[in-house]
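Since the structure comes first, as structure tokens, the remarks are kept for the end.
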Amino acid sequence: MIRALTVEWIEDAGFECQEAGSGEEALESFAGTDGYRAAILDVTLPDLSGPDLAQELRRRRPGFPVLFATGNLNLLPDGILEETATDVLSKPYSNQELREALTTLLGG
1 MIRALTVEWI
11 EDAGFECQEA
21 GSGEEALESF
31 AGTDGYRAAI
41 LDVTLPDLSG
51 PDLAQELRRR
61 RPGFPVLFAT
71 GNLNLLPDGI
81 LEETATDVLS
91 KPYSNQELRE
101 ALTTLLGG
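Mapping to full-length UniProt numbering: the sequence shown position 32 is 32, numbers consecutive.
Here's what the structure looks like:
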């Protein structure tokens with residue numbers, strides 16, 4: 001439900017969005033194109049942590065913009081934000097907070 005609403009808000013903001021239900025699904029999708037401009041990752045995924053997924057995405061594309069979404073900042077490994085220069089969107093978040101975070105993430 002949260003993912004579907006987030007996708008709707010992203011698309012309403014004028015962005016294209018591809019959702020993935022797992023880290024593996026995200027990696028498969030990412031491998032198929034260079035067209036992604038950023039990723040919004042939940043910190044906890046069914047098969048791979050958000051921080052681990054972010055590191056893999058950036059291994060494949062250095063500097064790739066990532067935004068973590070979490071309801072519990074304690075789930076983030078110590079130092080991960082500094083290491084990855086990743087922003088965090090705290091759940092629950094509003095449409096406006098998501099738009100502002102995306103705008104900041106994409107440098108505009």
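Ideal placement from N, C-alpha and C gives every residue a C-beta, glycine not left out.
Just the C-alpha distance for CYS17 and GLY35, rounded to the nearest angstrom, thanks. 11 Å
Residues of its chain near ASP42, where Cβ-Cβ distance is below 6 Å and the 5 sequence neighbours each way are ignored: Hits under 6 Å: GLY50, ALA69.
Less than 8 Å between the C-beta atoms of LEU5 and ILE40, yes or no? Taking 8 Å as the Cβ cut-off, LEU5 and ILE40 do not qualify as a contacting pair.
Just the C-alpha distance for MET1 and ALA26, rounded to the nearest angstrom, thanks. So the two alpha carbons sit approximately 18 Å from each other.
Rounded C-alpha distance that separates GLU24 from ARG59: Looking at the backbone, the Cα of GLU24 and that of ARG59 are separated by about 15 Å.
Residue of GLY21, PRO62, GLN55, PHE64 minimising C-alpha distance to ASP47: GLY21
Bridge partners - ILE40, DSSP secondary structure assignment: According to DSSP, residue pairing for ILE40 in a beta bridge involves LEU67.
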